[in-house]
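Single-structure report; data block below.
Residue numbers (the numbering used here), protein chains in the order written: chain L, 3 to 113; chain C, -18 to 94.
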C-alpha cells in the first residue's frame, strides 16, 4: 500500500531534550516536506526537500533540522525543543511537487 | 509566499444540501489544490486545478478557478455526514515545485443529519 508513515504518532517531552520524528514514504517520490499545524494558523511549511541531499527552508524553519540521505526517508530533528514547538506535525511527499501525500501526523507536546 | 484564504471559516448545513467554500490568493499561481482533513488526521488530496483551467469535476466535487479575481471555489453537492471535515486550499507558485505550496487556514464544514 502506497503510504507515508511517521513515528512516533504521539510524543510528550521536556524542554531541551533532543528528539527526532521519522518520516518514510514508499512511493519513490522526489519531493518531501514537513509542516506544522497550529490552531488558527493552518499548515505552515517547515522544511522541504526536492531530492536526496537537497533540502531547503520553508516558512518556519527556526529550531528545526532535517536531512535527506535516502530518497524514502526525511527525518525532522528538534535539537533543543521548546514549548512553542508544541504542535501537530505532518510529513508529506510528492512525485512532482504538485499533489501532496500526507502522513498521519505526530502530535508533539513540549513541557 | 502567497497564501490561500478560505471563506467561510466554518459552515454548517443539512445533509443533502450543497456546500460551497471559497479560496482567495494574492499572487500568480501554477495550480490550486483542495485538501480535506478529518479531525486530527493527515490531509487528503481532493482535486488540483491548473492556472489554465476554469472548472474541474471529480465525483460530487466541482472546483472553479478565476485567475483574474485570484479566487477559487469548491462545491460539494448532495452533502453527506462523512463530508464533515476541514477543507484547505493550497496554492503552488507560478514557478512550480513543492517549495512554494502554501496552505490556507481552512474551512470547517459540519454536515448535520
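Note that beta-carbon positions come from the ideal geometry of N, C-alpha and C, so glycine has one too.
Against chain C, the CB of residue 24(L) has no partner CB under 8 Å away; the residue lies outside that interface. Assignment of residue 87(L) by DSSP, reduced to helix, strand and coil, places it in the helix class.
Annotation for residue 58(L): the continuous beta strand (DSSP E) segment containing it runs 56 to 59.
Excluding sequence positions up to five before and after residue 30(C), its CB lies within less than 6 Å of the CB of 13, 37, 44, 46, all in the same chain and listed in chain order. In this structure, residue 28(C) and residue 39(C) form a Cβ contact; the two beta carbons are roughly 5 Å apart against a cut-off of 8 Å. The stretch 42 to 55 of chain L and the stretch -7 to 3 of chain C do not touch, with fewer than three beta-carbon pairs separated by less than 8 Å. The closest CA to that of residue 53(C), considering only 67(C), -1(C), 5(C), -11(C), is found on 5(C). Take residue 98(L), set aside five residues on each side of it, and the residues of its chain with a beta-carbon closer than 8 Å to its own are 32, 33, in chain order. At a cut-off of 8 Å between C-beta atoms, residue 40(C) does not count as an interface residue with respect to chain L. Interface annotation, residue 26(C): in contact with chain L, CB-CB separation under 8 Å. In this model, residue -2(C) and residue 112(L) are separated by some 42 Å (Cα to Cα).
By the rule that beta-carbons nearer than 8 Å mark a contact, residue 45(L) touches chain C. CA-CA distance, residue 68(C) to residue 32(C), rounds to 20 Å. Counted as a single uninterrupted DSSP element, the beta strand (DSSP E) harbouring residue 89(C) occupies residues 88 to 93. Between the alpha carbons of residue 83(C) and residue 10(C) lies a distance of about 11 Å. Residue-level contact check: residue 104(L) touches chain C, since one or more beta carbons of chain C fall below 8 Å from its beta carbon. In this structure residue 103(L) is in contact with residue 6(L), their Cβ atoms being roughly 5 Å apart against a cut-off of 8 Å.
Taking residue 62(C) as the centre and dropping the five residues before and after it, the same chain places the C-beta of -4, 92, 94 closer than 7 Å to its C-beta, in chain order. Considering only 101(L), 82(L), 96(L), 78(L), the residue with the shortest C-alpha distance to residue 38(L) is 78(L). Look at residue 100(L) here: in three-state DSSP terms it is coil, with no helix or strand label. Per the coordinates, the alpha-carbon of residue 106(L) lies some 9 Å from the alpha-carbon of residue 94(L). The three-state secondary structure of residue 4(L), taken from DSSP, is coil. With a cutoff of 8 Å on beta-carbon distance, residue 50(L) and residue 58(L) are scored as near each other.
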